[in-house]
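The sequence shown begins at 1 in the working numbering and counts up by one. Shown next, in structure tokens, is the structure this report addresses.
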Amino acid sequence: NPVADDPDMEKSRLQVAIDTLRLSVDEMLDRLEPGDKDQREVLEAYKMFANSRSWMRRIEADIDRGLSAEAAVEKEQSQARTRMEQVPDAYLRERLHDLDDLSNRLLRILSGQGSETGAEMPVDPVLVARNIGPAELLEYGRSLKGVVLEDGSVGSHAAVVARAWAIPLVIHAKNITAEALNGDPIMVDGDQGVVHLRPEETVVSAFRDKMAMMAEAQERYVSLRDLPAVTKDGQRIELYMNAGLMADLPSMESSGAEGVGLFRTELQFLIRNRMPKRGELVDIYARVLDAANGRRVQFRTLDIGSDKVLPYMKASDEPNPALGWRAIRVGLDKPGVMRMQLQALIRAAKGRPLTIMFPMVAQFDEFRAGREHVFRELEREYALGHIMPERVEIGTMLETPSLAYAPRQFYEMADFISIGGNDLKQFFFAADRENERVRRRYDTLNSSFLSLIERIVERCDEAGTDVSFCGEDAGRPVEALCFAAMGLKKLSMRPASIGPVKSLLRRVDLAEAREVISSARESGVQSVRQSVMDWLATQARNGNA
């Protein structure tokens, strides 16, 4: 009923429902395991929404105007969705999805529907929905084998939970909620982002074959876990993993990673609705170093801006955020934030080696200024009597073509350089990596791009500076092979990619691969990919790869 004659009774019903809602969130928090820190942080942010006084005031005001409790909640939900559609920033839109999820839960409580739909949970269930909030996903728990959404975002809180639990989640599956019915067979390929609804037998057979091949390959990769990535001609390539959440770190042992080539510190800021305190960051960074158990961890300082906007930070209206106020530019303009993070890193080291990496450096002076910040904080921490790191290495991501041509002094000053392939490729080809219409036009194995990589490696070698490649492309075996052929001895990727990359590297002669690439470039081809693939096919036929 959309209207009610007794506002006091409706507000009483609303208060009982709100209390039930808050209690359910508290119960979910209590059910979490001690190690589920990331899920706990998500639910704490969710709890803040549930306790929002302004949200309650708006609903109660509508009840005073004659609406029933359900109608008032639905009106506020509708207005929130309208605001959500008008917010230009993708991250803030995802935060408003949490409020949408809360409204749905409150409506179910008010209407007496509860969370039970009457449908039995099938074996190996896959959840299909328009969207989902983190609390609902946490209620299902680890029983889900996959999630398919019509909407959603890779930056949502629900995606954070899914990643932490290793549940494949596919977004933007158009019309899936209209097409899928309870009990329908469905196959989810999380690697490719493909969903097969009510698949034909030929698709099922092909899917099962692919799963069997992957399982067989995984067994082979496990057998390589403790072996080094040494090519047939004796070239040793070090393979590191990328991480950003505590849930990522157990993969270090299982994948055979030699350390963390990139720890994205901004994720700890993005999954919260407030600025984390220094003590919280000290605890997180110390736990990361504990989990690494002596292996190298390269902490990238706060990389926010562009598509990563903090919910508690005023968004700046920029025509092109990717080229705007982001990463080290924010850190240098907001020294208080950088200072807090550097202090946390120094204190978390507790006498262990500390490796700090600055993001999105475009010129020598930016790196020099960031480096001075580190030295000042080291002096302050020493004066305060804190334990100093055993040693401190200060490096940078190389993500802009301008830095590739920086003065020699830059290369000599940096303790290490990590080529940030995702952004470097975006700026090199002037193609937004989020824009599917242009992103796929440009090949990583483009002759010009490989020449740039080669030149960066040469400059680092001349200065005696350690260099690595970090990015999605490092985790693709053929691309990894080509990077190694260009002289890169360190690659950092997602943990699942280490096995396939190591498997290929151990079966090839790197000097031969370099000759193939050089010949292809000299022939004037736009990309060396086909030449390398043909060579690998020949090697496979001859039993060499």
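We treat Cβ as the ideally placed atom computed from N, Cα and C, and that holds for glycine. Small disclaimer: the values here were computed from a predicted structure and weren't measured.
With burial defined as no fewer than 16 other Cβ atoms inside 10 Å of the residue's Cβ, what is the status of residue 405: buried or exposed? exposed
Close-in-space but distant-in-sequence residues of the same chain around residue 450 (CB under 8 Å, 5 per side omitted): 482, 486, 517, 521, 528
Take residue 50 and list the residues in its own chain whose beta-carbon comes closer than 8 Å to its own, dropping the five residues that flank it on each side. 18, 21, 22, 25, 102
Let's test the definition: count the other Cβ atoms within 10 Å of the Cβ of residue 172 and tell me whether it reaches 16, buried, or not, exposed. exposed
Enclosing alpha helix (DSSP H) for residue 240 [first to last residue]: Premise fails: residue 240 lies in the beta strand (DSSP E), 236-243, not in any alpha helix (DSSP H).
Quick one: what's got a C-beta closer than 6 Å to residue 71's C-beta in the same chain, skipping five residues either side? 2
Can you list, in chain order, the residues of its chain whose CB lies under 8 Å from that of residue 250, leaving out five sequence neighbours each side? 291
Roughly how many angstroms lie between the CA atoms of residue 64 and residue 285, to the nearest whole one? 49 Å
Does the Cβ of residue 418 have 16 or more other Cβ atoms within 10 Å, making it buried, or fewer, making it exposed? buried
Starting from the C-beta of residue 73, find all residues in its chain whose C-beta is less than 8 Å away, skip the five residues before and the five after it, and write them out in chain order. 14, 59, 103, 106, 107, 110
Give me the residue from 506, 515, 396 with the minimum Cα distance to residue 467. 396
DSSP state of residue 129 mapped onto helix, strand, coil: strand
To test your reading of the DSSP string, which unbroken beta strand (DSSP E) runs of 3 or more residues are found completely within the stretch 239-305? 259-264, 296-300
Which residue or residues does DSSP assign as beta-bridge partners of residue 467? 417
Give the DSSP bridge partners of residue 357, in chain order. 300, 395
List the DSSP bridge partners of residue 148. 128, 170
Could you pull the DSSP bridge partners for residue 186 from this structure? 197
Under 8 Å between C-beta atoms of residue 358 and residue 301: yes
Would you be able to state if there are at least three C-beta pairs under 8 Å between the stretch 377-392 and the stretch 348-357? yes
Between which two residues does the beta strand (DSSP E) containing residue 546 stretch? Because the chain here runs from 1 to 545, residue 546 falls outside it and cannot be looked at.
Does the distance from the C-beta atom of residue 421 to that of residue 473 stay below 8 Å? yes
Mind checking residue 495: buried by the 16 CB within 10 Å criterion, or exposed? buried
Check each candidate in 531, 476, 509, 511 and name the one with the smallest Cα separation from residue 239. 476
Among 478, 511, 510, 515, which residue has its Cα nearest to the Cα of residue 497? 478
Out of curiosity, what's the CA-to-CA distance linking residue 100 and residue 442? 38 Å
DSSP has residue 446 in a bridge; who is on the other side? 527
With respect to 7 Å, is the separation between the Cβ of residue 209 and the closest non-hydrogen atom of the ligand MG below this value? Ligands are entirely absent from the displayed structure, and the ligand MG is therefore not among its contents.
Considering only their Cβ atoms, is the gap separating residue 140 from residue 149 smaller than 8 Å? no
Where do the ends of the alpha helix (DSSP H) carrying residue 550 lie? As shown, the chain starts at 1 and ends at 545. That puts residue 550 outside it, with no answer to give.
Checking 8 Å against the spacing of the C-beta atoms, do residue 75 and residue 246 come in under that value? no
In three-state DSSP terms, what is residue 67? strand
Between residue 438 and the rest of its own chain, which residues show a CB-CB distance below 6 Å, the 5 nearest in sequence each way excluded? 431
Applying the 10 Å Cβ sphere with the 16-neighbour rule, what's the burial state of residue 174? exposed
Among 260, 331, 214, nearest to residue 299 - alpha-carbon criterion: 260
Could you please give the first and the last residue of the uninterrupted alpha helix (DSSP H) stretch that includes residue 16? 7-31
Provide the residue(s) that pair with residue 3 in DSSP beta bridges, ordered along the chain. 67
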